[in-house]
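Protein chains in written order, with my numbering: chain A, 1 to 157; chain B, 1 to 157; chain C, 1 to 157; chain D, 1 to 157.
4 protein chains.
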Amino acid sequence: MPMPSANHHSKPGTALSPAQDAAVRASFARQGLMHHWGASLTALEHGAAEVRLPHSERVTQQQGSFHGGAMGALADIAGGYAAMTVAPDGMEVTTVEYKINFLAACAGGELVARGSVIRAGKRIIVTTADVFHRDADGHETHCATMQQTIVPVPKTY
Amino acid sequence: MPMPSANHHSKPGTALSPAQDAAVRASFARQGLMHHWGASLTALEHGAAEVRLPHSERVTQQQGSFHGGAMGALADIAGGYAAMTVAPDGMEVTTVEYKINFLAACAGGELVARGSVIRAGKRIIVTTADVFHRDADGHETHCATMQQTIVPVPKTY
Amino acid sequence: MPMPSANHHSKPGTALSPAQDAAVRASFARQGLMHHWGASLTALEHGAAEVRLPHSERVTQQQGSFHGGAMGALADIAGGYAAMTVAPDGMEVTTVEYKINFLAACAGGELVARGSVIRAGKRIIVTTADVFHRDADGHETHCATMQQTIVPVPKTY
Amino acid sequence: MPMPSANHHSKPGTALSPAQDAAVRASFARQGLMHHWGASLTALEHGAAEVRLPHSERVTQQQGSFHGGAMGALADIAGGYAAMTVAPDGMEVTTVEYKINFLAACAGGELVARGSVIRAGKRIIVTTADVFHRDADGHETHCATMQQTIVPVPKTY
């Protein structure tokens with residue numbers, strides 16, 4: 001029972017309008033979770049977003065590595081803001097569900113989550129995000145991969 | 001291509017041995033993420049675990065509600081420790097993947113995540129966890145439901 | 001980024017109206033896949049549906065057991081028709097996504113998939129389905145568990 | 001709680017040994033589900049597999065399009081055989097779980113599912129598969145995207 005075809009698609013690589021860019025950044029800045037972790041929104045374009053999370057005791061599991069739940073939250077954010085760039089003007093987005101597979105344990109350095117839109121429907125937006133670990137030398141390891149369903153919702157703040 | 005049948009099953013409701021109970025609590029206490037959030041492990045028995053997370057600015061999204069990523073991390077923890085109670089003695093567990101659906105937005109009060117084991121195989125443990133919001137009057141709302149795959153791994157600390 | 005709260009919930013155990021019951025059965029009867037497999041819709045109430053699939057060469061994998069993909073399709077159907085019972089009158093439903101964990105391999109006998117609605121929102125319906133194997137003696141084994149996202153859509157036939 | 005790092009990785013694009021190629025094709029040929037649908041294994045290399053399914057009444061849903069459950073089964077197969085190409089010699093594989101998002105409804109023509117390995121661990125193999133609809137003119141539409149967890153298992157036939 002698949003979905004009806006989409007009416008429009010994302011155009012990855014296109015810059016956002018200043019208003020869209022500001023709306024996403026304002027939303028990100030309001031997230032207590034991201035603020036308390038010291039995460040930052042490091043890239044943003046039509047259909048794509050990148051978020052970074054430095055390693056700290058705030059995000060570790062029992063062996064000192066990045067917690068899988070922190071990777072999941074970061075991937076959720078990256079996919080969600082990628083989706084927001086293709087949502088109708090003035091709309092926020094909300095996550096319906098996500099699924100994440102963990103590929104490697106990583107400690108130190110930082111996590112980089114890159115989200116991108118697979119399908120931009122009017123009612124449903126489907127995204128993926130990949131989480132990479134980046135060590136002090138800039139070497140990246142693929143840590144996790146996520147698939148996510150998003151819906152546009154009216155902004156309420 | 002389904003999995004071969006399990007050789008043993010969880011017996012929900014059975015108390016853990018003091019050694020098992022201590023091992024799970026020691027693992028939880030080592031998680032920087034849970035400590036930073038002020039989360040606590042509030043119930044533990046064979047095949048089941050409950051974790052609570054008070055509302056604070058550390059776990060909010062842009063509208064002041066609990067962040068979906070925080071719900072996901074809490075569900076991951078509840079399912080993971082439920083799995084650890086059925087893993088072979090002396091083993092830790094690690095999350096292979098999880099999938100979470102969000103059912104309601106919730107602010108204030110606390111989140112209660114209850115994980116339980118569906119299948120305890122030698123190589124693969126399958127769990128579910130449900131996340132409830134609990135307000136000041138003790139009223140519970142179902143916020144999220146998760147399905148998770150876990151593997152036992154040697155303890156390395 | 002969780003979803004806004006639902007406005008109504010399913011009332012499992014309530015009988016469907018004759019019109020609703022007929023609409024679901026008419027939709028099922030139109031599914032070539034179910035017909036080809038000899039599957040049948042064996043129970044239907046508000047928020048719940050049960051579908052059965054007899055073992056045959058049409059649904060096996062390389063070792064003669066039920067194919068995981070067949071279990072997935074059966075679970076998708078059971079969850080989807082459970083959702084259709086709570087959709088607005090005259091609406092069909094379509095699957096946005098599902099995730100299924102396999103718990104045991106099973107051959108012979110029949111599969112019984114039982115779907116039920118977890119959250120019946122206006123825009124998004126969340127369901128679960130469990131797949132059991134039933135042998136000649138009526139003994140049931142839990143084979144698979146699924147979590148699913150559904151949207152109501154206009155009926156086009 | 002992420003997984004320990006993988007010890008080896010897939011080398012997409014490398015041809016299989018004749019023995020590996022024959023083992024995958026023999027396994028596929030034994031699948032009653034694929035045989036009765038008229039599906040075929042159309043490409044195979046180290047870490048990747050392609051499977052095709054022609055449209056017929058055997059695989060339709062209530063509106064005459066390809067059934068989502070059939071797309072799911074096809075994606076499961078494509079990901080599973082991609083995984084088998086990186087499993088240790090003489091091993092079969094079994095699906096632990098998969099999650100699929102549907103992107104478009106498609107009728108007529110054929111479905112092409114392309115699976116590839118994301119992480120080839122000793123104990124856990126993670127794959128993705130994308131399902132495309134191919135019409136009579138060779139035009140492809142992206143219908144579904146899947147994420148999957150696989151384990152190697154001893155061959156029992």
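Using N, Cα and C, we set each Cβ at its ideal position, and we do this for glycine too. Predicted model, so just to flag it, every value in this text is computed and none were measured.
For a Cβ distance threshold of 8 angstroms, nothing in chain B lies close to I100 of chain D: the least Cβ distance comes to about 11 angstroms. In the DSSP secondary-structure assignment, T60 of chain C is bridged to C:F66. Rounded to the nearest angstrom, the gap between the Cα atoms of Q62 of chain A and S17 of chain B is 21 angstroms.
Non-local beta-carbon contacts of H67 of chain C in its own chain, meaning distances under 7 angstroms to residues more than five positions away in sequence, involve V59, T60 and Q61 in chain order. Per DSSP, the beta-bridge partners of R52 of chain A are A:S40 and A:V112. Identification of chain C residues near Q63 of chain D by a Cβ-Cβ cut-off of 7 angstroms yields T156 and Y157, ordered along the chain. Beta-bridge analysis with DSSP links Y98 of chain B to A:I100 and B:Q148.
The shortest CA-to-CA distance from T145 of chain C to any of C:A22, C:P88, C:I125 and C:G72 is the one to C:G72. Of all alpha-carbon atoms in C:A39, C:A23, C:V151 and C:A19, the one lying nearest the alpha-carbon of A113 of chain C is that of C:A39. Cβ-Cβ distances below 8 angstroms link S27 of chain A to Y81, M84 and E92 in the same chain, with the five nearest sequence neighbours on each side left out; the list follows chain order. If you ignore the 5 residues before and after Q147 of chain A, its C-beta comes within less than 6 angstroms of the C-beta of K99 and T128, all in its own chain and listed in chain order. Residue pairing of F132 of chain C in beta bridges, as defined by DSSP: C:V112 and C:H142. Boundaries cannot be given for S17 of chain D, as no alpha helix (DSSP H) includes it and DSSP labels it neither H nor E. Between the alpha carbons of H133 of chain A and G69 of chain A lies a gap of roughly 15 angstroms. From the beta-carbon of V51 of chain A, no residue of chain D is found nearer than 8 angstroms; the closest lies around 18 angstroms away. Approximately 13 angstroms separates the beta-carbon atoms of A78 of chain A and I125 of chain A; this is outside 8 angstroms, ruling out the contact. Within the DSSP secondary-structure output, A120 of chain A pairs in a beta bridge with A:I125.
Taking the Cα positions, A104 of chain A is about 32 angstroms away from A15 of chain A. Taking T141 of chain B as the centre and dropping the five residues before and after it, the same chain places the C-beta of A104, C106, F132 and H133 closer than 7 angstroms to its C-beta, in chain order. Residue pairing by DSSP places V153 of chain D opposite D:E92 in a beta bridge. In this structure E110 of chain C does not touch G32 of chain D by the C-beta definition: roughly 15 angstroms separates them, more than the 8 angstroms allowed.
Neighbourhood of S27 of chain D in chain C, by CB distance below 7 angstroms: Q62, in chain order. Against chain C, the CB of R134 of chain B has no partner CB under 8 angstroms away; the residue lies outside that interface. For a Cβ distance threshold of 7 angstroms, residue set G68, G69 and G72 of chain D lies close to D76 of chain C, ordered along the chain. When C-beta distances to chain D are compared with 9 angstroms, the residues of the region 81-97 of chain B below that value are E92, V93, T94, T95, V96 and E97, in chain order.
In this structure R25 of chain A touches L41 of chain A by the C-beta definition: roughly 6 angstroms separates them, less than 8 angstroms. Within the same chain, and ignoring the five residues on either side of F102 of chain C in sequence, the residues whose Cβ sits closer than 8 angstroms to its Cβ are G68, M71, C143 and A144. I124 of chain B has a beta carbon lying within less than 8 angstroms of a beta carbon in chain D. Between T95 of chain B and T149 of chain D, the gap from beta carbon to beta carbon reaches 8 angstroms or more. The alpha-carbon of G108 of chain D is positioned some 7 angstroms away from that of D135 of chain D. Contact between V117 of chain C and G47 of chain C holds, since their C-beta atoms are separated by about 4 angstroms, short of 8 angstroms. A22 of chain B is classed as exposed because its beta carbon has fewer than 16 other beta carbons within 10 Å across all chains shown.
Chain B places no beta carbon closer than 8 angstroms to that of R58 of chain C, leaving this residue out of the contacts. Straight across, the Cα-Cα distance linking K155 of chain D with D130 of chain D is about 27 angstroms. The beta-carbon of L103 of chain D is placed less than 8 angstroms from the nearest beta-carbon of chain A.
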